[in-house]
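Using full-length UniProt numbering, you'd call the opening residue of the sequence shown number 1 and step up by one each time. Note that the Cβ used here is the ideal one computed from N, Cα and C, for glycine as well. Note that the structure is a prediction, hence the values are computed from the model and not measured. Notes for the one structure printed next.
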Amino acid sequence: MTKKVLVITDAQNEFITGALGNKECEAAVKYIVAAAESGEYYKVIFTKDTHTADYLHTQEGKRLPVLHGQEGTEGYKIHPDIVKAVQEHYAPEQILTVKKPTFGSLDFGNTLKAIWEEVTAAGEAAEGEYPMEVDFTGFCTGICVLSNVVMAKAFVPEARVCVIEKACACVTPQTHQTAIAAMGPIQADVI
């Protein structure tokens, strides 16, 4: 049987109702909640965009001059509806959090690789099945979601990688659609 991993990318308040959010991000929350409430996932990984006070002096901060991702702030927290859905449907040992200081994250890739090794060691996949499927949700589709889809393809190349389109959003609907269109050529399935 295929083991499924749900990735909830940067579903922090700042990207939903805060300075970097928009109505499309707000609308995607219910689809992230629905994915979590399905209860079908072996593991759930939250990624959290995490920056320090010197963010505006970094290359990213100079190009995106909005201070965000600071621990301890309300904007840094994962949206409460999403947290509730995950906590109600998964045991604590099924829930992982990866803090990422950049768009893509080596820690995220290594976390996926460790899950892959655990799953494949168990040998539960039937002939012709993917041993593992990684389903992506979150924000922003064209930045952190896309970057971490690429990381997943690099770290677990034999896993099926999917993007739940309605459970993602970006800066604009156009940048979301551009990112969704980019998923096919890198062999990520849009569902």
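{"Item": "Segment limits, alpha helix (DSSP H) that includes D81", "Value": "P80 to H89"}
{"Item": "Separation of D10 from H176, as counted between CA atoms", "Value": "15 Å"}
{"Item": "Length at least 4, wholly inside the segment 44-115: the alpha helix (DSSP H) runs in chain order", "Value": "59-63 and 80-89"}
{"Item": "Which listed residue (V171, A19 and T137) has its alpha carbon closest to that of A82", "Value": "Inspection of the sequence shows that residue 82 is occupied by Ile rather than by Ala. Taking only the C-alpha atoms, the option nearest I82 is T137."}
{"Item": "Counterpart residues of A169 in DSSP-defined beta bridges", "Value": "F139"}
{"Item": "8 Å contact criterion, which A100 and Q12 should meet: CB distance rounded", "Value": "As written in the sequence, residue 100 is Lys, which differs from the Ala given in the question. Incorrect: roughly 11 Å between the Cβ atoms, too far for contact."}
{"Item": "Cβ pair C154, V134 closer than 8 Å", "Value": "The sequence shown places Ala at residue 154, not Cys. Their beta carbons are not under 8 Å apart, which means A154 does not touch V134 by this criterion."}
{"Item": "L146: first and last residue of the uninterrupted alpha helix (DSSP H) it sits in", "Value": "L146 to F155"}
{"Item": "Under 8 Å between C-beta atoms of H68 and L20", "Value": "yes"}
{"Item": "DSSP-derived helix/strand/coil call for E124", "Value": "coil"}
{"Item": "Beta-carbon gap between E24 and A169 smaller than 8 Å", "Value": "yes"}
{"Item": "Terminal residues of the alpha helix (DSSP H) in which I32 lies", "Value": "K23 to E37"}
{"Item": "Nearest neighbour of D107, chosen from A159, R160, D49 and H79 [CA to CA]", "Value": "D49"}
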